[in-house]
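S.K.: I'd like to ask some things about the structure below.
2 protein chains.
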Amino acid sequence: MSLDGYLAGPEDDISWLSIAEQEGEDYGYAAFTKGIDTYIVGRKTYEVVLNLIGDFPAARQYDACYVLTTRSFPEREGITWYNGSPSELLRDIRRKSGKHIYCDGGASVVKAFLEEGLIDEYIISILPILLGKGKRLFQEGFPKHLLKLKETKTFASGLVQLHYTNKPS
Amino acid sequence: MSLDGYLAGPEDDISWLSIAEQEGEDYGYAAFTKGIDTYIVGRKTYEVVLNLIGDFPAARQYDACYVLTTRSFPEREGITWYNGSPSELLRDIRRKSGKHIYCDGGASVVKAFLEEGLIDEYIISILPILLGKGKRLFQEGFPKHLLKLKETKTFASGLVQLHYTNKPS
């Protein structure tokens, strides 16, 4: 996100993410996704990616890929359209093989998961920019969560990666 | 601020700041304020501090202390009530002795200064908590600013301090 908390500028603009593009630097993304079996994303993020690159690689990359939506979509290989509560989805996934679940956002999905207290680890990358307006990663209205800082990483591009777990209560 | 960008919870609640209170740890605040000659703060922050501790130490601590407000207040030693634009204030201050100006917020003051591009350094402390609601440090509606990461510091409490300058254009 930007320092002021946006994951996208006005009109879903994510071109500013390029300020962190550095040859050979993936910010640990490949290593992180290697440990993931299940991917969850919101319908809007799905469409933004699809419009941007004409493909949705996550559909092939993970054992299971869920797109949260209340609309109905035609079948698409590798994708399960899901219209239900996040906690039910997690129960279903855990009953199967899903152990390492990557919830990629965007804002509505993050809010839904935070509302039900379903996130146990947070990896937040802060880019050196103030956008001033756009779509906030953390929408308003979920309950308070105490966190425990696990690790911070600083990169040459000025990106700072903050890694938290939920604080055991 | 909290990880989700709030400087105060609902009803100006700042009690959660206590999660970062550690004996003997001031997060570099004393060293930072030693280099400061001029202090600028908004009327609301002024009142929150005054209500909380019954005093406003900044009025004695710095050569000059400006409280931005459109209301009229009785005279108070050490404080200049200021009702004008941030850029005019900075011009005035720089014409006098003011070289190291600490703009302490809150949100409206930060926004006003960002709107006019008047901040050249940012020290942002992120506490390990998601508040879910409250008053955002970065209000919406100022122009985009590219930043340069100068330094990050991580503390035992889980507080992360990010230090940016404006990126030279």
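In the order they appear, the protein sequences are chains A and B. Counting from 1, one number per residue, gives the positions in the first sequence under the numbering used here. Counting from 170, one number per residue, gives the positions in the second sequence under the numbering used here. All residues carry an ideal CB built from backbone N, CA and C; glycine is no exception.
#1: Could you name the residues of the same chain whose beta carbon sits closer than 7 Å to that of VAL49(A), not counting the 5 residues immediately before and after it, in chain order?
#2: Buried or exposed for THR70(A), please, with buried defined as at least 16 other CB atoms from any protein chain shown within 10 angstroms of its CB.
#3: Mapping the DSSP letters down to three states, classify GLN139(A) as helix, strand or coil.
#4: Would you list the one or two residues that DSSP bridges to GLN191(B)?
#5: Is LEU299(B) closer than 8 Å to PHE32(A) when the C-beta atoms are compared?
#6: With 8 Å set as the bound, which would you pick, yes or no: does the beta-carbon of LEU146(A) sit closer than that to a beta-carbon of chain B?
#7: Specify, as a first and last residue, the run of the beta strand (DSSP E) that ASN166(A) falls within.
#8: For PRO312(B), does the count of other Cβ atoms within 10 angstroms reach 16, so buried, or fall short, so exposed?
#9: Buried or exposed for PRO86(A), please, with buried defined as at least 16 other CB atoms from any protein chain shown within 10 angstroms of its CB.
#10: Under 6 Å Cβ to Cβ from ILE14(A), same chain only, skipping five residues before and after it: list those, please.
#11: Count the other C-beta atoms from every protein chain shown that fall within 10 angstroms of the C-beta of ALA58(A), then say buried if there are 16 or more, exposed otherwise.
#12: How would you label ILE222(B), buried or exposed, when you count the other beta carbons within 10 angstroms and need 16 or more for buried?
#13: In chain A, what lies closer than 7 Å to THR321(B) by C-beta?
#14: Within 8 Å of any Cβ in chain B, is that where the Cβ of GLU140(A) sits?
#15: Would you say GLY310(B) and GLY132(A) are within 8 Å of each other, going by their C-beta atoms?
#16: Helix, strand or coil: how does DSSP classify ALA325(B) here?
#17: Evaluate contact between the segment 267 to 281 of chain B and the segment 196 to 212 of chain B, counting only Cβ atoms and requiring at least three cross-stretch pairs below 8 Å.
#18: Kindly indicate which residue of SER157(A), THR165(A) and GLN161(A) has the alpha-carbon position closest to the one of GLU21(A).
#19: Under 8 Å, Cβ to Cβ, is there at least one residue of chain A near PRO312(B)?
#20: GLY134(A): buried (16+ other C-beta within 10 angstroms of its C-beta) or exposed?
#21: At a CB-CB cut-off below 9 Å, which residues of chain A make contact with ILE209(B)?
#22: Please go through the same chain and pick out, in chain order, the residues whose beta-carbon is closer than 7 Å to the beta-carbon of PHE324(B), but skip the five residues on each side of it.
#23: According to the Cβ coordinates, are TYR251(B) and LEU259(B) closer than 8 Å?
#24: Which residues of chain A have a Cβ atom closer than 7 Å to the Cβ of TYR231(B), listed in chain order?
#25: Under 9 Å between beta-carbons, which chain B residues line up against GLY98(A)? List them in chain order, please.
#26: Hey, quick one: how far does the beta strand (DSSP E) through SER241(B) stretch, first residue to last?
#27: Identify the contact partners of PRO10(A) in chain B, using a Cβ-Cβ distance below 7 Å as the criterion.
#28: Which residue comes first and which comes last in the alpha helix (DSSP H) that contains TYR215(B)?
#29: With a cut-off of 8 Å on the beta carbons, I'd call ALA336(B) and GLN330(B) a contact; round off their distance for me.
#30: Residues of chain B with a CB under 8 Å from the CB of LEU114(A): which are they?
#31: Could you check where the alpha helix (DSSP H) with ILE93(A) kicks off and where it finishes?
#32: Taking the alpha-carbon positions, what's the LEU118(A) to LYS265(B) distance?
#33: Interface residues of chain A around GLY174(B) at Cβ under 8 Å?
M.R.: Working from what's here:
#1: Residue mapping note: residue 49(A) aligns to position 49 of the first sequence, counting from 1. PHE56, listed in sequence order.
#2: Residue mapping note: residue 70(A) aligns to position 70 of the first sequence, counting from 1. Exposed: under 16 other Cβ atoms inside 10 Å.
#3: Here residue 139(A) corresponds to residue number 139 of the first sequence, with the count starting at 1. Residue state, collapsed to three classes: coil.
#4: Translated into positions along the second sequence, residue 191(B) becomes position 22. GLU194(B), per the DSSP bridge assignment.
#5: Taking the first residue of the first sequence as 1, we reach residue 32(A) at position 32. Taking the first residue of the second sequence as 1, we reach residue 299(B) at position 130. No, Cβ-Cβ distance for PHE32(A) and LEU299(B) is not below 8 Å.
#6: If you number the first sequence from 1, residue 146(A) lands on position 146. Chain B contact via Cβ: present.
#7: On the first sequence, residue 166(A) is found 166 positions in, with the first residue counted as 1. Start and end: 160 to 166.
#8: Stepping through the second sequence from its first residue, residue 312(B) is reached at position 143. By the 10 Å Cβ count, PRO312(B) comes out exposed.
#9: The residue given as residue 86(A) occupies position 86 in the first sequence. Label assigned to PRO86(A): buried.
#10: Position 14 of the first sequence, counted from the start, is the residue given in the question as residue 14(A). Correct list, in chain order: ALA8.
#11: Translated into the one-based positions of the first sequence, residue 58(A) becomes position 58. Answer is buried; the Cβ neighbour count reaches 16.
#12: If you number the second sequence from 1, residue 222(B) lands on position 53. ILE222(B) should be labelled exposed.
#13: Looking up residue 321(B) in the second sequence gives position 152. Those are THR152, THR154 and VAL160, listed as they occur along chain A.
#14: As a working note, residue 140(A) is residue 140 in the first sequence. Interface residue, yes.
#15: For the purposes of this step, residue 310(B) is identified with residue 141 of the second sequence, where counting begins at 1. For the purposes of this step, residue 132(A) is identified with residue 132 of the first sequence, where counting begins at 1. It is a contact, given that the beta carbons lie within the stated cut-off.
#16: Counted from its first residue, the second sequence places residue 325(B) at position 156. Three-state result, ALA325(B): coil.
#17: yes
#18: In the first sequence, the residue the question calls residue 21(A) occupies position 21. Measuring from the Cα of GLU21(A), the nearest candidate turns out to be SER157(A).
#19: Here residue 312(B) refers to the residue found at position 143 when the second sequence is read from its first residue. For PRO312(B), the answer is yes, since a Cβ of chain A falls inside 8 Å of its Cβ.
#20: Mapped onto the first sequence, residue 134(A) falls at position 134. Label assigned to GLY134(A): buried.
#21: The residue labelled residue 209(B) in the question sits at position 40 within the second sequence. In chain order: nothing, as chain A lies at least about 19 Å away.
#22: Residue 324(B) sits at position 155 when you count from the first residue of the second sequence. The residues are GLU194 and TYR196.
#23: For the purposes of this step, residue 251(B) is identified with residue 82 of the second sequence, where counting begins at 1. For the purposes of this step, residue 259(B) is identified with residue 90 of the second sequence, where counting begins at 1. No, Cβ-Cβ distance for TYR251(B) and LEU259(B) is not below 8 Å.
#24: Taking the second sequence and counting its residues from 1, the one referred to as residue 231(B) is at position 62. Chain A residues near TYR231(B): none, gap ~26 Å exceeds 7 Å.
#25: On the first sequence, position 98 is the one that residue 98(A) refers to. What GLY98(A) touches in chain B: nothing, since even the nearest Cβ is about 24 Å away.
#26: Along the second sequence, read from residue 1 onward, the residue named residue 241(B) stands at position 72. It is not in any beta strand (DSSP E) - SER241(B) carries neither H nor E in the DSSP assignment.
#27: Position 10 of the first sequence, counted from the first residue, corresponds to residue 10(A). The contacting residues do not exist; PRO10(A) stays about 10 Å from chain B at best.
#28: Taking the second sequence and counting its residues from 1, the one referred to as residue 215(B) is at position 46. Taken as a continuous stretch (DSSP letters only), the alpha helix (DSSP H) holding TYR215(B) covers 212 to 222.
#29: In the second sequence, counting from the first residue as 1, residue 336(B) sits at position 167. In the second sequence, counting from the first residue as 1, residue 330(B) sits at position 161. This sequence places Lys at residue 336(B); Ala is not what is there. Contact doesn't hold; Cβ gap of about 19 Å is too wide.
#30: Numbered from 1 along the first sequence, position 114 holds the residue referred to as residue 114(A). Chain B residues near LEU114(A): LEU299 and GLY301.
#31: Reading the first sequence from its first residue, position 93 is the one you call residue 93(A). Segment 86 to 95, the alpha helix (DSSP H) holding ILE93(A).
#32: In the first sequence, residue 118(A) corresponds to position 118, counting from 1. In the second sequence, residue 265(B) corresponds to position 96, counting from 1. Cα-Cα distance, rounded: 55 Å.
#33: Locating residue 174(B) in the second sequence gives position 5, counting from the first residue. ASP4, GLY5, ARG136 and PHE138, listed in chain order.
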